[in-house]
Amino acid sequence: PAEQILKGKAVVITAGPTREAIDPVRYISNHSSGKMGFAIAEAAAKLGADVTLVAGPVNLATPNGVMRHDVESAVDMHAMVMSLAEHTDVFIACAAVADYRVAEQSDHKLKKSGDDSLTISLIQNPDIVASVAQLESNRPFVVGFAAETQNIEQYAIDKMNRKKLDMICANDVSISGQGFNSDQNALKVFYAGGSKDLPLNTKSELGDELMQIISTLLPSN
Ligand code: PMT
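Under the UniProt record's numbering, think of the first position of the sequence shown as 183, with each following residue one higher.
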């Protein structure tokens, strides 16, 4: 049973959006609420795992018994996750991490320049889940998410292979009432040698279902 396998296992979960500062008062971000990641954290804690959430800026209470580190940017989230990774048994990347950050953040509030347009240059952020998957020693079981709007299955499997993940949970974020910021979601889960369809349900139920699947895929010790 899942309790037996997950009891005392170190599970680290990223959740929520990241904020990429433009200047001291402005940022680039996305609509992630953190609900999906927090629901997974709650489910894992209920099964007796030792759970740590690395959360972007969200407005949610920390689930019972869960350790929480709050971060802002993708670079901060990457640093926090990497500091925990070697002591992690299962890493679940549910955060909607910004792929790019502002190349040159301004120390002062940007002023209108007088021109009709303004160009901001972006540079790529580190890929957190891929960095964990590349660890050569003490590599955890690595689970990613894929937020897609088309060719869900194909793009998700490509992402899993490219980032060398053990499992990927794909969600269609073009359908209203699920995905970003909703209380419900639907997931298609892929892993080596199988897949599972988790139809529309509360994020809380999906968190339970996901932890059950993960427990069956962990190496038995
Ligand atoms: O937070 P909610 O409002 O509850 O919404 C849930 C959700 C829709 C955000 C969640 O279910 C989800 O899909 N999360 C992943 C969102 C995402 O950014 O997906 P992606 O396809 O762009 O990224 C693929 C994977 O790489 C993800 O596991 C992501 O965490 C990870 N990643 C991406 C970029 C980066 N620099 N580092 C990463 O680790």
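Heads up, the beta-carbon is just placed ideally off N, CA and C, and yes, glycines get one too.
Asked	Found
Got a sec: does the ligand PMT put a non-hydrogen atom nearer than 7 Å to the Cβ of T196?	yes
Determine the extent of the alpha helix (DSSP H) in which G219 is found, giving its start and end residues.	K217 to K228
The beta strand (DSSP E) that contains S313, what's its start and end?	Careful: S313 lies outside any beta strand (DSSP E), inside the alpha helix (DSSP H) at I310 to A315.
Please classify K293: is it buried, with 16 or more other beta-carbons within 10 angstroms of its beta-carbon, or exposed?	exposed
Would M259 pass as a contact of V279 if the rule is Cβ separation under 8 Å?	yes
Can you name the start and end residues of the alpha helix (DSSP H) that H269 belongs to?	It is not in any alpha helix (DSSP H) - H269 carries neither H nor E in the DSSP assignment.
Identify whether A302 lies in helix, strand or coil by the three-state DSSP scheme.	In the sequence as displayed, the identity of residue 302 is Ile instead of Ala. It is coil, neither helix nor strand.
For D340, name the three-state secondary structure that DSSP assigns.	helix
For the ligand PMT, is there a heavy atom less than 7 Å away from the beta-carbon of M262?	no
Determine the burial state of E202: buried for a count of at least 16 other Cβ atoms within 10 Å of its Cβ, exposed for fewer.	buried
Select from K346, D297, L300 and V371 the residue whose C-alpha is nearest the C-alpha of R321.	K346
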